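K.L.:
In full-length UniProt numbering, the protein residues as written are 1 to 167.
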């Protein structure tokens with residue numbers, strides 16, 4: 001696999017985070033969703049859904065992992081109550097992700113980590129600030145365990161190091 005082409009593909013797909021959906025733009029809707037936001041909703045990636053209530057809790061927030069889990073689980077229960085019978089399915093998916101016991105949950109976690117470093121790399125390139133977001137790489141890259149995603153992370157890191165070396 002050509003990792004340069006793969007990185008180019010990831011950057012291209014990453015543009016979907018910024019492209020507004022035409023129907024909303026034509027109707028002058030402020031703060032309209034992007035194509036990526038629509039795709040994510042369609043795919044029902046529920047692992048971050050609790051954050052719409054509790055916010056993006058990170059280790060730097062001073063909240064214990066146990067408290068974070070409790071807050072997010074409570075939020076998901078509230079959200080899922082809005083969905084009737086479908087809510088229990090979504091809550092089950094969320095809890096499967098949180099438990100990190102299934103291969104699918106571990107893969108989604110690794111994808112989330114890969115997305116984080118890819119986004120950080122994109123910001124450094126866009127802003128001309130190579131190395132500025134080192135903490136995101138230092139705290140994330142080694143946690144990726146899926147072999148293919150680990151290779152992708154290594155390639156992103158390699159390309160980033162070339163830019164840092166040229167600054």
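For glycine and all other residues, C-beta sits at the position ideal for the given N, C-alpha and C.
Remember, predicted model here, so these are calculated numbers, not experimental data.
Do the region 83-98 and the region 15-31 make contact, defined as three or more Cβ pairs closer than 8 Å?
P.N.:
No: the two stretches stay apart, fewer than three of their Cβ pairs being nearer than 8 Å.
K.L.:
Counting only the same chain and skipping the five closest in sequence on each side, list residues whose C-beta sits under 6 Å from that of residue 131.
P.N.:
Excluding positions up to five away in sequence, the list reads 164.
K.L.:
Within the same chain, show all residues whose beta-carbon is closer than 6 Å to that of residue 91, passing over the 5 residues directly before and after it, in chain order.
P.N.:
Around residue 91: 76, 80.
K.L.:
For residue 153 versus residue 114, is the C-beta spacing smaller than 7 Å?
P.N.:
Yes, the Cβ-Cβ distance between residue 153 and residue 114 is below 7 Å.
K.L.:
Using the Cβ count rule (16 or more neighbours within 10 Å means buried), how would you classify residue 138?
P.N.:
Looking at its Cβ environment, which holds fewer than 16 other Cβ atoms inside 10 Å, residue 138 is exposed.
K.L.:
How many angstroms separate the CA atom of residue 48 from the CA atom of residue 117?
P.N.:
The straight-line gap from Cα to Cα measures roughly 17 Å.
K.L.:
Measure the beta-carbon distance from residue 121 to residue 156 and round it to whole angstroms, keeping in mind my assumption that it falls under 8 Å.
P.N.:
Going by Cβ atoms, the distance from residue 121 to residue 156 rounds to 5 Å, so yes, they are a contact pair.
K.L.:
Which same chain residues, not among the five before or five after residue 127, have their C-beta less than 7 Å away from its C-beta?
P.N.:
Excluding residues within five positions, none has a Cβ falling inside 7 Å.
K.L.:
Taking buried to mean at least 16 other C-beta atoms within 10 Å of its own C-beta, is residue 162 buried or exposed?
P.N.:
Classification of residue 162: exposed, given that the 10 Å Cβ count is below 16.
K.L.:
Measure the alpha-carbon distance for residue 22 versus residue 14 and round it to whole angstroms.
P.N.:
Whole-angstrom Cα-Cα distance: 18 Å.
K.L.:
If we ignore side chains and look at the alpha-carbon of each, how far apart do residue 86 and residue 166 end up?
P.N.:
Whole-angstrom Cα-Cα distance: 52 Å.
K.L.:
Could you have a look at residue 157 and say whether DSSP puts it in helix, strand or coil?
P.N.:
Helix at residue 157.
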